[in-house]
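S.K.: All residue numbers for the sequence shown refer to full-length UniProt numbering, where the first residue is 1 and numbers rise by one. We put the CB at the ideal spot given by N, CA and C, even for glycine.
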Amino acid sequence: MQRRQRQAQRRRQRRWRWGLSGGFLLTALLLIGGITTQRSAPTTSNPLEAMENLFIGPRVHYGLQTAWRTQLAGRSERVSIALYSAQTGQLYSRTNAADHQFHMASTVKVAILAGILRQEEGHLTAQEKALATRMIENSDNAATNLLFEDYLGGQAGLQATFAAFGMTHSTAHKAWGLSTTTPADQVRLLNQIYFSSDQLNDQSRAYLRYLMAHVATDQQWGISAGSDSFALKNGWLPYGKDQWIINSIGYIDGPGANDYTIAIYTDHNPSMASGKQLVEQLAQATRQAMRRLDD
1 MQRRQRQAQR
11 RRQRRWRWGL
21 SGGFLLTALL
31 LIGGITTQRS
41 APTTSNPLEA
51 MENLFIGPRV
61 HYGLQTAWRT
71 QLAGRSERVS
81 IALYSAQTGQ
91 LYSRTNAADH
101 QFHMASTVKV
111 AILAGILRQE
121 EGHLTAQEKA
131 LATRMIENSD
141 NAATNLLFED
151 YLGGQAGLQA
161 TFAAFGMTHS
171 TAHKAWGLST
181 TTPADQVRLL
191 NQIYFSSDQL
201 NDQSRAYLRY
211 LMAHVATDQQ
221 WGISAGSDSF
231 ALKNGWLPYG
241 KDQWIINSIG
251 YIDGPGANDY
261 TIAIYTDHNP
271 SMASGKQLVE
281 QLAQATRQAM
291 RRLDD
């Protein structure tokens, strides 16, 4: 125990020294775009930890933007990514398709279930639970059609769900997979599931987390790349000539307090395989950048 405490103290001291030497750089980074505040950063009564938290936000921003810029360089696909760090309380994002709204494909299924749980205050019937399991764990479209039309209320019900969760840049479509969104909007929804919520009760949040942690093995690609503990929902949809929509949203657990929600949306992929590879390269680079915070 004493050895672990000494190691933790040395890590804090290293971060403190980094903060002092990089103070001017960090001040400048605070002025760079790409950081938006989702909630107040975590507080602590420990002065050393409080000072560390002051500097960690810009470190996260710099690490993520560097990784994402490298991954997106020269890409012809349209790509957008957003991440919320529980450690800093900030939302980070990058895109090569400004003002573009992405078709949600099957990632909309999380919002559909969240909307139903919100309406019914978490009290689903056995039939609804069976359909929800098929929709999230297996991405079953027939089950989704029933839940969307018969329980959520179709396009109007989905739009009401977006409004309730503060997803102001999302638009419902009568063909649910063609609903449009931004990664930042998806992170807002994910935060209500994984961190705190004024729309979902604890029972509803736990149910959504369980299903997203138990998706079928062959669908566990995407934001999970490079992570051992995750929960997700992916979406994929061919459209046009040799074009694919490939999306992945979810939650990455730890290590330590280094949890985050993340959404990656892409289109104009020449194949499903290339789209999956792009999403996983971004996810892997993101995980590596976040892990460096614990060095």
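#1: Which class does I136 belong to by DSSP, given the choice of helix, strand or coil?
#2: Could you have a look at L200 and say whether DSSP puts it in helix, strand or coil?
#3: According to DSSP, is F165 part of a helix, a strand, or is it coil?
#4: Give the single residue among F148, M104, G57 and E77 whose Cα lies nearest to the Cα of D242.
#5: Can you tell me whether H103 is buried or exposed, with buried defined as 16 or more other CB within 10 angstroms of its CB?
#6: Judging by CA-CA distance, which residue of G57, N141, Y194 and L208 is the nearest neighbour of W176?
#7: Where do the N-terminal and C-terminal ends of the beta strand (DSSP E) with N145 fall, by residue?
#8: Quick check on this structure: which residue in Q219, L152, Y265 and A132 has the alpha carbon closest to the alpha carbon of D185?
#9: List the residues that DSSP assigns as beta-bridge partners of N247.
#10: Please say whether I249 and T107 have beta carbons closer to each other than 7 Å?
#11: What is the residue span of the alpha helix (DSSP H) that L91 lies within?
#12: Quick one: what does DSSP say L83 is sitting in, helix, strand or coil?
#13: Find out if the Cβ-Cβ distance for the pair L131, L147 is shorter than 7 Å.
#14: Measuring alpha carbon to alpha carbon, tell me which residue in H214, M212, I193 and A216 is nearest R205.
#15: Return helix, strand or coil for R209, following the three-state DSSP convention.
#16: Could you check what DSSP says for R291 in three-state terms: helix, strand or coil?
#17: Please list the terminal residues of the continuous alpha helix (DSSP H) segment that includes L190.
#18: For S170, which residues in the same chain have their Cβ closer than 6 Å to its Cβ, ignoring the five residues on either side in sequence?
#19: Could you pull the start and end residues of the alpha helix (DSSP H) that K109 belongs to?
#20: Suppose you measure from the CA of G166 to the CA of Q284; what does that come to, to the nearest Å?
M.R.: Put simply:
#1: helix
#2: coil
#3: coil
#4: E77
#5: buried
#6: N141
#7: N145 -> not in any beta strand (DSSP E); alpha helix (DSSP H) instead, spanning N141 to L146.
#8: Y265
#9: G235 and Y265
#10: yes
#11: Note, L91: premise wrong, no alpha helix (DSSP H); beta strand (DSSP E) at Q90 to T95.
#12: strand
#13: yes
#14: I193
#15: helix
#16: helix
#17: P183 to Y194
#18: F162, T181 and D185
#19: V108 to E120
#20: 29 Å
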